[in-house]
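Quick note: the sequence shown uses the numbering used here, first residue 32, plus one each step.
Beta carbons: idealized from backbone N, C-alpha and C, even for Gly.
Predicted model only: the values in this text are computed from it and were never measured.
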Amino acid sequence: MRKWVLSGILASEEAYLGHLEALLIPMKPLRAAATTSQPMLSTQQIETIFFKVPELHQIHKDFYDALLPRVQDWSSQRCVGDLFQRLVSGERRVRGRIEHESSCSSSSALLYKPVDRVTRSTLVLHDLLKHTPACHPDHALLQDALRISHNFLSSINEEITPRRQSMTVKKGENRQLLRDRFMVELVEGSRKLRHVFLFTDLLLCTKLKKQPAGKAQQYECKWYIPLADLAFHTIDDAESTTIPLVQDEEIDAMKFRISQIKNDIQREKRSAKGLKLLERLRKKLAEQESLLLLTSPNMAFRVANRNGKGFTFLISSDYERAEWRELVHQQQKKCHKSFSLTSLELQMLTNSCVKLQMVHSVPVIMSKEDEESSGLYGFLNVIVHSASGFKHTSNLYCTLEVDAFGYFVNKAKTRVYRDSTEPCWNEEFEIELEGSQTLRLLCYEKCCGRTRQSRDEGENTERIVAKGQITLDPQTLQNKDWQRTVITMNGVEVKLSMKFTSREFSLKRMPSRKQSGVFGVKINVVTKRERSKVPLIVRQCVEEIEMRGMEEVGIYRVSGVATDIQGLKAAFDSNNKDVSVVMREMDVNAIAGTLKLYFRELPEPLFTDDLYPSFSGGLALSDSVAKESCMLHLLLSLPEANLVTFLFLLDHLKRVAENEGVNKMSSYNLATVFGPTLLRPSEKDSRAGSSQPLSMNDSWSLEVMSQVQLLLYFLQLENIPAPDSKRQSLLFSSEI
32 MRKWVLSGIL ASEEAYLGHL EALLIPMKPL RAAATTSQPM LSTQQIETIF
82 FKVPELHQIH KDFYDALLPR VQDWSSQRCV GDLFQRLVSG ERRVRGRIEH
132 ESSCSSSSAL LYKPVDRVTR STLVLHDLLK HTPACHPDHA LLQDALRISH
182 NFLSSINEEI TPRRQSMTVK KGENRQLLRD RFMVELVEGS RKLRHVFLFT
232 DLLLCTKLKK QPAGKAQQYE CKWYIPLADL AFHTIDDAES TTIPLVQDEE
282 IDAMKFRISQ IKNDIQREKR SAKGLKLLER LRKKLAEQES LLLLTSPNMA
332 FRVANRNGKG FTFLISSDYE RAEWRELVHQ QQKKCHKSFS LTSLELQMLT
382 NSCVKLQMVH SVPVIMSKED EESSGLYGFL NVIVHSASGF KHTSNLYCTL
432 EVDAFGYFVN KAKTRVYRDS TEPCWNEEFE IELEGSQTLR LLCYEKCCGR
482 TRQSRDEGEN TERIVAKGQI TLDPQTLQNK DWQRTVITMN GVEVKLSMKF
532 TSREFSLKRM PSRKQSGVFG VKINVVTKRE RSKVPLIVRQ CVEEIEMRGM
582 EEVGIYRVSG VATDIQGLKA AFDSNNKDVS VVMREMDVNA IAGTLKLYFR
632 ELPEPLFTDD LYPSFSGGLA LSDSVAKESC MLHLLLSLPE ANLVTFLFLL
682 DHLKRVAENE GVNKMSSYNL ATVFGPTLLR PSEKDSRAGS SQPLSMNDSW
732 SLEVMSQVQL LLYFLQLENI PAPDSKRQSL LFSSEI
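This is how it looks when you write it as structure tokens:
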């Protein structure tokens, strides 16, 4: 881990040195020309533009040149704290540059890099200390370097903050920036990317202007509301706005392109062929990430001024919506008075946002700059045990959110535990992680009816009573054992257990050793024993879902309670005669989860190891007629039990998709859920594929995309011959 952290700072230092060297190139000829009769710039102007650049370049070059060989010749006892001490001390010596530029009214974003470098070095020191034992000889050196860095940053803040405040407020006032974030505003039915700033007395919505390369960032004010005049609209008002939705296929395609571009960036960095291609890839990555940020959120968050004019933001997380509300309410309690800004004051405030901003990039991605995400890829099993600390009896439930591609997604919801101050849910959920680093938990109170407070909060019959989050630490979770933890939030404690399974391990199928039961047993063995064409478990689950789950929102996508799924699995394995009675009393999402689990635990996927590569090849054919002939020929080449079971499931999934308007499950959504379950490469093919120059996560993404497209092809295919006609059909000759 220490080497990994240092490799990241090396790559970052290399890029920074490139920027400084680009500044040094014109400096020498300009200095030489300054002494001639026709200078391009005066000596004073040159000193202002290139203030302390040579010193900064030398400090960082010495640091890079000393650190590189130590990382290349790495050992567990290697020390680097002395290098960071020299780096931070050197940065302190040139702090005049920072003081000088903080008072300069026009300067490029690059001239603020020294502050950014100090901040980054401080974060790196924190990471290094986290993974350096106290007995290690480097520990004391790193602590000393961190102390110097903290003192340096504190002194900068003390001197710059008064100057920043003087640019945004009148003398004697105290306006401070509390929070800022890129958000999506809904304007006349269109999504617009905005940078929103929350100050102690107002909410400011700005647009980041497009600037030529090398020019400083500039903001344009779209609107502002003094906090004394700000109100939150109710759910009823928010729902009156039609939100333009983006298809899940488009969202997933963007994620796939982002993964591909990140992989290309890593490949180019390893090849070390220059910076031009890397810069193009980084620009392309930023464009795709911005597009994903713009299209992904669908949760309305509405604010209004005292005249009733409303503004609608779209966000992806109820957690974030609650945070903004809480911050605003805290400031409103301080009794700020209403006011209006002159055009000059508004211009000064907007200009100051460039220096005040806490978030500097679009979008806000939580991974390391230009590095593969340090988050987790795979499946996280979470058991929500119980909660305590509630002050009054309530009907309570929890939801779980995780981050993926820079935004948070709601992944699971417990049942409502009624009339209690100490709910005991004891429910388990399986959550897919895509580079995730944080797990959020929200506790809701389900109210019996609306109250004045709930309407003021913009909520209907449910309100957030507690929220908290924990970092998903890879070192803690990689040991594959259950880890118990407690999330503490405003006096409320929620007990959890977590277990992580990597993608690589989750894709493995275990050989069948069972002679009885249905889970983990070959499908032809089950059908022969039952004297049926389709396993009983598949028929019964499908029938129950079609009876009462066709209009269930997110059917097959929403996680069922794991304990219910395991109970139903045990009932089927033991050939329980009352299994149909048990199913009628069970949540329909648990039945859907049981059906998915059955196919996932088959010792061989439904499309078989032998035929899977051929299906992938057939899907890649360009000619539509040849593709259809090939795919149908392969489909009808499946073993009889596999084929009949798949066609039975396929008809069911098509009927589910017909109710998309109610259940929100399109053919693509269903293909995303079932594709990786029904189609998987064999162990041999997986190992062969891993030799390609792709990371495990990128290789997995490519494989999953192929599996989704394969199932989607059959879901969208209208005419599929019946199984008993496959021998007679002349269409499928061996020549095709």
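Using a 10 angstroms sphere on the CB of Asn673, the tally of other CB atoms reaches 16 or more, which defines it as buried. About 28 Å separates the beta carbon of Ala418 from that of Glu465, a gap too long to meet the 8 Å contact definition. Going by DSSP, Lys253 is part of the beta strand (DSSP E) stretching over Tyr250 to Pro257.
By the C-beta density criterion, Arg148 is buried, having at least 16 other C-beta atoms within 10 angstroms. Looking only at Thr231, Leu628, Asn205 and Lys340, the smallest Cα-Cα distance to Phe263 is reached by Lys340.
Secondary structure in the segment 617-687: the alpha helix (DSSP H) runs of 4 residues or longer, each lying completely within the stretch, are 619-631, 643-650 and 655-666 in chain order.
At a Cβ-Cβ threshold of 9 Å, Leu316 and Pro328 do not count as neighbours.
Ile751 is not a Cβ neighbour of Leu637, given a cutoff of 9 Å.
Residue range Ser425 to Ala435 is occupied by the beta strand (DSSP E) that includes Tyr428. Restricting attention to Val704, Thr67, Cys474 and Leu650, the CA atom closest to the CA of Ile586 is found in Val704. When only Cα atoms are considered, Pro454 and His416 end up about 9 Å apart.
Contact between Gln468 and Thr502 holds: CB atoms are separated by about 7 Å, below the 8 Å threshold.
With 16 or more other Cβ atoms inside 10 Å of its own Cβ, Arg711 counts as buried. In the three-state DSSP reduction, Phe370 falls in the coil class, being neither helix nor strand. Phe679 places its beta carbon less than 9 Å from that of Val573.
Counted as a single uninterrupted DSSP element, the stretch harbouring Ala165 is not any beta strand (DSSP E), since DSSP gives it neither H nor E.
Excluding residues up to 5 positions away in sequence, Ala418, Gly420, Phe421, Cys474 and Ala497 lie with their Cβ nearer than 7 Å to the Cβ of Val523 in the same chain.
The DSSP-derived three-state label of Leu472 is strand. The Cβ atoms of Asp595 and Val549 lie no closer than 9 Å to each other. The straight-line gap separating the alpha-carbon atoms of Cys166 and Gln108 is approximately 11 Å. Secondary structure at Met696: coil, using DSSP grouped into helix, strand and coil. In this structure, DSSP gives Cys384 a helical state, which the three-state scheme calls helix. Here DSSP, grouped into helix, strand and coil, assigns Asn510 to coil. The beta carbon of Ser152 sits closer than 7 Å to those of Phe115, Leu118, Val119 and Ser180, all from its chain and outside the five residues before and after it, given in chain order. Using a C-beta cut-off of 8 Å, the segment 352-366 makes no contact with the segment 278-296, since fewer than three inter-stretch Cβ pairs fall below that distance. Judged by DSSP in its simplified three-state form, Arg337 adopts coil rather than helix or strand. The segment 737-749 makes contact with the segment 646-663: 3 or more CB pairs, one atom from each, lie closer than 8 Å. Distance from the Cα of Leu407 is smallest, within the candidate group Asp349, Leu470 and Met379, for Leu470. Within the model, the alpha-carbon separation for Asn690 versus Glu582 is close to 7 Å.
In this structure, DSSP gives Lys241 a state outside helix and strand, which the three-state scheme calls coil. One thing to note: Leu37 has its Cβ no nearer than 9 Å to the Cβ of Leu87. Between Thr625 and Leu599, the CB-CB gap stays under 9 Å. Within its own chain, the residues whose Cβ lies closer than 7 Å to the Cβ of Tyr350, once the five positions on either side in sequence are excluded, are Glu432, Phe439, Arg471, Leu473 and Lys498, listed in chain order. Spanning the alpha carbons of Asp96 and Ile292 requires a straight line of approximately 29 Å. With a beta-carbon spacing of about 5 Å, Arg333 and Thr343 fall inside the 8 Å limit used to define contacts. Minimum Cα-Cα distance from Gly591 among the listed residues Leu61, Asn457, Pro275 and Glu734 corresponds to Asn457.
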